[in-house]
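A.B. asks: Take this structure, written in structure tokens, and hold onto it; I'll ask about it next.
Numbering (this note's numbering), first residue to last: 1256 to 1601.
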């Protein structure tokens, strides 16, 4: 049995696939399994996979009708045979020692989850938020602590996390195939609360291609109203999962602060119609887990509580009032200069 399964979802990436597979087959740890899931590609990706598989018997190709990234990753989880698995998106690469480091970590402790850092490719595509979230510190947690989700650089991007395969299967953890954008956020909010031991590493083991023409990330980034609508969908799915799994009581105040920052901040500068739709969506999602009374009774920082009550639960109609509240909220979170830049969309 190989020590690590590398799950590679593949869909129409003929220009990047050779580089991706070269980085995986060239790992310093040779004892790996490479599970490539062809998700109904219509370009030459399937032919490229077959060519690589004919030259390297560690590569297994799973072919399926197109179902999206989550569906492809789930097929990879199902097919993986190693005790540990990780994910590599097919337009990215991993550093030569990535699999060796993953195997070493899981050999030394009975971890369920291991999250590491990533380099940004090309470097000029980097920006402060992305650099920050891809630069975790070194930390180990026994059981769940809210800091895992809300303090550590633990989210998003599931491709920089390795998991014990039995942990995913025993807990029934899969990617939600109804979520087209932001499936990694949903996955993490299900995985971390269930993990019995979680480790974070500052080592950057992954190379993330931050900009690719036609990618979903690029499309969403350029449409803020659509992006916030997708964030509301993500929150809704997370809240449903937390309600069903019993995770809602773990850290309600931290979750509400996250929800407001994640799905409402952009809407504060929208038109009344767009803002009202987003705010209603956030409120409905939160009400899946908590009543209005429970939400307003939470001990929240001053401006977080004000944002919850005024911007979400009470629905501010004046764009100027919303912007003032947003400026106060973000000044507390990030400092005055950063708050103004964020509010102006810079």
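Each residue gets a CB set at the ideal place from its N, CA and C atoms; glycine is no exception.
Identify the continuous alpha helix (DSSP H) that holds residue 1550 and give its terminal residues.
C.D. replies: In the DSSP annotation of this structure, the continuous segment of the alpha helix (DSSP H) that includes residue 1550 starts and ends at 1547-1551.
A.B. asks: By alpha-carbon positions, which one of 1535, 1419 and 1261 ends up nearest to residue 1284?
C.D. replies: 1261
A.B. asks: With distances taken from CA atoms, which of 1273, 1491 and 1391 is nearest residue 1540?
C.D. replies: 1491
A.B. asks: Kindly confirm or deny that the stretch 1382-1391 and the stretch 1483-1500 touch, where touching means at least three C-beta pairs closer than 8 Å.
C.D. replies: no
A.B. asks: For residue 1396, which residues does DSSP report across the bridge?
C.D. replies: 1453
A.B. asks: Alpha carbon to alpha carbon, what distance is there between residue 1362 and residue 1477?
C.D. replies: 43 Å
A.B. asks: List the DSSP bridge partners of residue 1417.
C.D. replies: DSSP links residue 1417 through a beta bridge to 1341 and 1369.
A.B. asks: Under 8 Å between the Cβ atoms of residue 1206 and residue 1444?
C.D. replies: Nothing can be reported for residue 1206, as the shown portion of the chain is limited to 1256 through 1601.
A.B. asks: Run through the DSSP bridge pairs and tell me what residue 1463 is partnered with.
C.D. replies: 1375
A.B. asks: List the endpoints of the continuous alpha helix (DSSP H) containing residue 1355.
C.D. replies: Looking at the DSSP string, the run of the alpha helix (DSSP H) that includes residue 1355 is 1353-1363.
A.B. asks: Within the same chain, show all residues whose beta-carbon is closer than 7 Å to that of residue 1367, passing over the 5 residues directly before and after it, in chain order.
C.D. replies: 1418, 1419, 1422, 1450, 1451, 1452 and 1453
A.B. asks: Contact defined as beta carbons within less than 8 Å: I believe residue 1264 pairs with residue 1306. What is the distance between those atoms, to the nearest angstrom?
C.D. replies: With 8 Å as the limit, residue 1264 and residue 1306 do not qualify as a contact, their Cβ atoms being about 18 Å apart.
A.B. asks: Express the C-alpha separation of residue 1465 and residue 1637 in angstroms, rounding to a whole number.
C.D. replies: The displayed coordinates of the chain run from 1256 to 1601. Any statement about residue 1637 would go beyond what the structure contains.
A.B. asks: Look at the Cβ atom of residue 1272, then the Cβ atom of residue 1318, and state whether they are nearer than 8 Å.
C.D. replies: no
A.B. asks: Mind checking residue 1256: buried by the 16 CB within 10 Å criterion, or exposed?
C.D. replies: exposed
A.B. asks: In angstroms, rounded to a whole number, what distance separates the CA positions of residue 1342 and residue 1334?
C.D. replies: 13 Å
A.B. asks: Could you give the first and the last residue of the continuous beta strand (DSSP E) run that contains residue 1315?
C.D. replies: Annotation for residue 1315: the continuous beta strand (DSSP E) segment containing it runs 1314-1319.
A.B. asks: Under the three-state reduction of DSSP, which class applies to residue 1494: helix, strand or coil?
C.D. replies: In the three-state reduction of the DSSP assignment, residue 1494 falls in the helix class.
A.B. asks: Quick check on residue 1481: buried or exposed, where buried means 16 or more other Cβ atoms within 10 Å of its Cβ?
C.D. replies: exposed
A.B. asks: Tell me, please, which residues DSSP counts as bridged to residue 1290.
C.D. replies: 1262 and 1315
A.B. asks: Thinking residue 1413 and residue 1397 are a contact (beta carbons under 8 Å), I'd like their distance in whole angstroms, please.
C.D. replies: The Cβ separation is near 22 Å, so there is no contact.
A.B. asks: Round the Cβ separation of residue 1607 and residue 1408 to the nearest angstrom and send it over; I've been treating them as touching at under 8 Å.
C.D. replies: Nothing can be reported for residue 1607, as the shown portion of the chain is limited to 1256 through 1601.
A.B. asks: Where does residue 1332 sit, in a helix, a strand or coil, going by DSSP?
C.D. replies: helix
A.B. asks: Taking one C-beta from the stretch 1564-1578 and one from the stretch 1525-1540 each time, how about it: are there three or more such pairs within less than 8 Å?
C.D. replies: yes
A.B. asks: Name the DSSP beta bridge partners of residue 1670, please?
C.D. replies: The chain is shown only over 1256 to 1601; residue 1670 falls outside these bounds and no answer can be derived.
A.B. asks: Rounding to the nearest angstrom, what Cα-Cα distance links residue 1321 and residue 1406 in this structure?
C.D. replies: 36 Å
A.B. asks: Do the CB positions of residue 1345 and residue 1288 come within less than 8 Å of each other?
C.D. replies: Note that the C-beta distance between residue 1345 and residue 1288 is not below 8 Å.
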